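Quick note on numbering: the sequence shown equals residues 1 to 453 in UniProt numbering. Below: one structure, written as structure tokens.
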Amino acid sequence: MSSFGQGLDRMLKIPNRPQAPTALVRQHGLKRLPFTSICFVSNGSAGRSTATHSPNPRARYLGCRSAAVLDAAPSAPMPSLSDLPICAVINTQGMVLPDMPEGTRGATYAIFDDKQKLQYIGTTTDLRNALRTALGRRPDKSYYYKAAALPTSEPTALQAVRDAWFSELGGQPNGNRLAIERSMWQQPVDAGAISERGRKGAAEEKTRQLLAALRDRGCKEDFTPNPTLLLEGQVDFLPARNLTEEELAAEREAEAARMRGRRSCSAIVDGQERVFHTSYLLKFPTNGGFMLDVSVLFDGRETQHRVIVGKAYYEPYGLAPEAAVEAGLALLLRAKVARATEGILLSSQFPVNYFALGQVEQWYGDEFRQEFERITGGVQLPDGNKDAWRFNRVHDYGPMRVETAEQLSAAMGQSGRTELAEAMDEAFGGGADVAGEEEDDLPQGQGILDAFF
Numbered sequence: 001m002s003s004f005g006q007g008l009d010r011m012l013k014i015p016n017r018p019q020a021p022t023a024l025v026r027q028h029g030l031k032r033l034p035f036t037s038i039c040f041v042s043n044g045s046a047g048r049s050t051a052t053h054s055p056n057p058r059a060r061y062l063g064c065r066s067a068a069v070l071d072a073a074p075s076a077p078m079p080s081l082s083d084l085p086i087c088a089v090i091n092t093q094g095m096v097l098p099d100m101p102e103g104t105r106g107a108t109y110a111i112f113d114d115k116q117k118l119q120y121i122g123t124t125t126d127l128r129n130a131l132r133t134a135l136g137r138r139p140d141k142s143y144y145y146k147a148a149a150l151p152t153s154e155p156t157a158l159q160a161v162r163d164a165w166f167s168e169l170g171g172q173p174n175g176n177r178l179a180i181e182r183s184m185w186q187q188p189v190d191a192g193a194i195s196e197r198g199r200k201g202a203a204e205e206k207t208r209q210l211l212a213a214l215r216d217r218g219c220k221e222d223f224t225p226n227p228t229l230l231l232e233g234q235v236d237f238l239p240a241r242n243l244t245e246e247e248l249a250a251e252r253e254a255e256a257a258r259m260r261g262r263r264s265c266s267a268i269v270d271g272q273e274r275v276f277h278t279s280y281l282l283k284f285p286t287n288g289g290f291m292l293d294v295s296v297l298f299d300g301r302e303t304q305h306r307v308i309v310g311k312a313y314y315e316p317y318g319l320a321p322e323a324a325v326e327a328g329l330a331l332l333l334r335a336k337v338a339r340a341t342e343g344i345l346l347s348s349q350f351p352v353n354y355f356a357l358g359q360v361e362q363w364y365g366d367e368f369r370q371e372f373e374r375i376t377g378g379v380q381l382p383d384g385n386k387d388a389w390r391f392n393r394v395h396d397y398g399p400m401r402v403e404t405a406e407q408l409s410a411a412m413g414q415s416g417r418t419e420l421a422e423a424m425d426e427a428f429g430g431g432a433d434v435a436g437e438e439e440d441d442l443p444q445g446q447g448i449l450d451a452f453f
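Take a look at the structure:
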């Protein structure tokens with residue numbers, strides 16, 4: 001037997017004895033290659049193949065191994081974290097419904113905070129409940145996610161993607177690298193009870209705080225705490241049931257209907273361009289412009305605002321009033337002004353529920369004009385502060401001192417001694433002379449108490 005045949009026998013673990021070609025085919029599932037000059041030989045589990053030229057015109061028999069034969073389907077490339085789209089954990093309907101392709105059995109996911117800073121990378125076979133768990137444990141850190149869907153649930157495959165992301169990042173994020181942070185992502189929330197008796201009460205209070213934080217985020221899903229963990233002083237939420245295809249389709253249709261008719265705008269938040277959506281519920285003309293009721297959808301949360309916009313912000317430039325309003329909203333999002341306010345406002349709080357666009361300009365000045373130029377595509381607003389009413393103290397007068405007639409005249413824009421000054425002299429000067437005169441002594445008579453002294 002030739003050296004090539006001996007090598008093939010060793011690869012197939014065939015005893016070193018002659019065998020008929022037909023028996024070899026039946027025993028080891030070989031196939032005849034139609035080309036007589038080139039043969040491909042498997043080279044171990046790495047999937048590499050070696051091409052060997054054969055001068056013998058007779059066909060060779062080689063093993064059919066899908067992981068090693070060249071015509072097998074190549075493995076999918078490792079997904080890059082930077083190439084994946086970033087999505088909001090809570091969608092516009094207030095739900096946690098990641099859109100995964102059909103046939104997905106596992107996923108590697110990354111969690112980002114409100115500034116889109118990477119916090120944690122994990123693996124799961126149920127992405128929806130993995131995101132719900134992360135949101136329930138850390139609502140202040142779970143705003144966005146990226147996910148790579150895999151057709152397998154094998155831990156080694158999921159962890160291989162995770163490790164590839166670590167290499168791409170040059171290290172692990174804090175949620176994986178630091179022990180304290182890692183436990184906060186991977187373990188139930190510790191309510192911090194100081195005694196065994198107070199464990200349940202502390203856990204219930206912590207549950208209320210977490211649910212309030214989720215409501216503030218605009219989440220409308222039901223989160224049910226694990227009752228067993230509550231007794232141990234810990235908080236974790238039970239997994240949600242999987243939605244049927246009909247329910248998923250209904251949720252997606254509702255979200256699409258909600259987004260239909262909205263305007264897409266951009267705001268620069270923390271140096272990154274972010275998208276928000278607006279819809280106008282009312283557009284009422286006024287003497288000097290329009291009053292608009294606008295709904296703003298940003299970060300999965302919807303807020304309502306009433307905005308008054310004057311003609312000076314849109315009419316000279318051929319703009320729609322909505323464009324001017326969106327410039328003001330973009331600046332308020334950039335400045336991280338509270339999206340809604342309640343009760344009596346302090347002088348340091350912007351009246352975001354009901355405001356005029358001129359107030360935005362008075363509060364932020366050049367920043368607003370720069371944002372207006374960006375949103376409108378180059379329209380430069382003049383400095384409107386010179387036309388605004390100002391109540392600044394420009395003269396040194398007031399109740400803390402006694403002003404002279406000349407000072408009051410100067411404060412009123414008059415110079416020299418005016419009729420006002422003369423009238424003051426006449427009124428108060430004569431009174432001073434009278435006050436300076438000595439009073440006559442009262443007549444002395446017998447008093448009532450004189451008899452007792």
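From the three backbone atoms N, C-alpha and C, an ideal C-beta is built for every residue, glycine too. Quick caveat, the model's predicted, so the values are computed rather than measured.
Residue from the options whose Cα sits closest to the Cα of residue i
i: GLY288; options: PHE223, GLY358, TYR280; result: GLY358
i: LYS141; options: ASN174, VAL161, SER153, ALA149; result: ASN174
i: ARG208; options: VAL235, HIS305, ALA335; result: VAL235
i: ALA212; options: VAL89, THR92, LEU135, GLN370; result: LEU135
i: ILE344; options: ASN353, GLY271, PRO155; result: ASN353
i: ALA191; options: ARG182, LEU210, GLU181; result: LEU210
i: GLY201; options: ARG252, SER183, GLY233; result: GLY233
i: ALA312; options: GLU246, GLU361, ARG241; result: GLU361
i: ARG241; options: ALA327, VAL96, PRO79; result: VAL96
i: ASN91; options: TRP363, ASN226, PHE298; result: PHE298
i: SER167; options: ILE121, VAL189, GLU204; result: ILE121
i: VAL337; options: GLY318, LEU319, TRP363; result: TRP363
i: SER153; options: PHE112, ALA335, ARG105; result: ARG105
i: VAL89; options: ASP425, ILE180, LEU214; result: LEU214
i: LEU319; options: GLN349, VAL275, LEU381; result: LEU381
i: ASN176; options: GLU204, PRO225, PHE112; result: PHE112
i: ARG369; options: ARG274, GLN349, ALA327, ALA335; result: ALA327
i: LEU114; options: GLU253, GLU273, ALA203, GLU204; result: One point to set straight first is that residue 114 is Asp, not Leu, in the sequence displayed. Checked all of GLU253, GLU273, ALA203, GLU204; the closest Cα to ASP114 is GLU273.
Distance CB(residue i)-CB(residue j) smaller than 9 Å
i: THR124; j: ALA107; result: yes
i: LEU169; j: LEU81; result: yes
i: PRO151; j: GLY198; result: no
i: ARG301; j: GLU221; result: no
i: PRO98; j: LEU127; result: yes
i: ASP147; j: CYS87; result: Per the sequence shown, the amino acid found at residue 147 is Ala instead of Asp. Taking 9 Å as the Cβ cut-off, ALA147 and CYS87 qualify as a contacting pair.
i: PHE355; j: VAL296; result: no
i: ARG339; j: GLN93; result: no
Contact belief for residue i with residue j at Cβ below 8 Å, rounded distance in angstroms
i: TYR144; j: GLN116; result: 6 Å
i: ARG217; j: TRP185; result: Contact doesn't hold; Cβ gap of about 18 Å is too wide.
i: PRO101; j: ALA149; result: 5 Å
i: GLU367; j: LEU331; result: 6 Å
i: PHE284; j: VAL309; result: Contact doesn't hold; Cβ gap of about 11 Å is too wide.
Pairwise C-alpha distance: residue j and residue i
i: ASP293; j: GLY261; result: 15 Å
i: GLN304; j: GLN159; result: 43 Å
i: THR341; j: GLN187; result: 35 Å
i: VAL269; j: GLU255; result: 25 Å
i: ALA67; j: LEU248; result: Confidence in ALA67 is poor, its pLDDT being 30 and thus under 50, which makes the residue's placement too unreliable to answer from.
i: GLN239; j: PHE372; result: Per the sequence shown, the amino acid found at residue 239 is Pro instead of Gln. When rounded, the distance between both Cα atoms is 45 Å.
i: GLY365; j: ALA130; result: 44 Å
i: PRO351; j: LEU178; result: 41 Å
i: ALA267; j: THR228; result: 44 Å
i: PHE237; j: PHE223; result: 6 Å
i: PRO316; j: LYS206; result: 55 Å
i: VAL346; j: VAL161; result: For the sequence presented, residue 346 should be read as Leu rather than Val. About 51 Å.
i: LEU333; j: THR286; result: 26 Å
i: THR156; j: ASP163; result: 10 Å
i: ARG182; j: ALA193; result: 21 Å
i: LEU172; j: ASP383; result: Correcting the residue type first, residue 172 is Gln in the shown sequence and not Leu. Going by the C-alpha atoms only, they are around 48 Å apart.
i: PRO85; j: TRP165; result: 15 Å
i: ASN226; j: VAL189; result: 11 Å
i: GLU251; j: ARG263; result: 21 Å
i: PHE275; j: GLU246; result: The question names Phe, but residue 275 is Val in the sequence shown. Whole-angstrom Cα-Cα distance: 30 Å.
i: PRO79; j: LEU243; result: 27 Å
i: GLY349; j: TYR314; result: Reading off the sequence shown, one finds Gln at residue 349, where the question assumed Gly. Roughly 27 Å separates the two Cα atoms.
i: ASP83; j: ILE180; result: 29 Å
i: CYS265; j: ALA203; result: 41 Å
i: GLY271; j: GLU253; result: 33 Å
i: GLU422; j: ALA335; result: 55 Å
Three or more C-beta pairs under 8 Å: does that hold for the stretch 364-380 against the stretch 322-336?
yes
Under 8 Å, with one C-beta from each stretch per pair, do the stretch 273-283 and the stretch 195-215 reach the 3-pair mark?
As far as the Cβ criterion goes, the stretch 273-283 does not touch the stretch 195-215, which means the pair count is below three.
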